[in-house]
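First comes the structure, then the notes that go with it.
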Amino acid sequence: MLDHKLLEAEGILVLTPQAPLTSDDFKGIAAEVDPYIDSKGNLQGILIEAESFPGWHDFGSFVSHVQFVRNHHRHVKKIAAVSDSEFLTIAPKIASHFVQAEVRHFAFGDREAAMTWLKE
């Protein structure tokens, strides 16, 4: 389960994984984000906040995640990963090879610093 909230005024999508990610999570996010992108052009940023990364429900969920990234990465300026999870600590380094967005890691307690950076 991936909780999400679009802060429309700031153009920031906040993602909070609560359980292994599913294909339906990415369909739900796309249903909310796509109309915003159609009207505004881009998201200012994505904030991923998770003390630990729960992984994916199954391989199909992983594929849905990859497809979501492929279809949306050109419309996101910055991505902030706020986590102490080892996976989310190294994920920005890996992601920087596959996405256009500037990607940065913040410690789990640094949500405010991450939001400030996303708004710059």
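Read the sequence shown against the UniProt record's numbering and you will find it ends at 120, with the numbers running on by one and no gaps. Idealized CB from N, CA, C, for every residue including glycine.
Is residue 57 closer than 8 Å to residue 13 when the C-beta atoms are compared? Residue 57 sits away from residue 13, with the two beta carbons spaced by 8 Å or more.
Please tell me whether residue 45 and residue 80 are closer than 8 Å, where the distance is taken between their beta carbons. In terms of Cβ geometry, residue 45 and residue 80 form a close pair [threshold 8 Å].
Would you list, in sequence order, the uninterrupted beta strand (DSSP E) runs of no fewer than 3 residues that lie entirely inside the region 27–96? Counting only runs of at least 3 residues, the region 27–96 fully encloses the following beta strand (DSSP E) elements, listed from N- to C-terminal order: 43–49 and 76–82.
Run of the alpha helix (DSSP H) containing residue 21, from where it starts to where it stops: Counting along the chain, residue 21 falls outside any alpha helix (DSSP H), and DSSP gives it neither H nor E.
Restricting to Cα atoms, I'd like to know which of 62, 53 and 68 is closest to residue 32. Among 62, 53 and 68, the Cα nearest to that of residue 32 belongs to 68.
Along the chain, where does the beta strand (DSSP E) that runs through residue 102 open and close? That run of the beta strand (DSSP E) goes 102–106.
Pick out whichever of 36, 111 and 76 has its Cα sitting closest to the Cα of residue 84. Of 36, 111 and 76, the residue nearest in Cα terms is 111.
Secondary structure at residue 25, three-state DSSP: helix, strand or coil? Here residue 25 sits in helix by DSSP.
Residue of 51, 3 and 78 minimising C-alpha distance to residue 29: Of the residues 51, 3 and 78, the one whose Cα lies closest to the Cα of residue 29 is 3.
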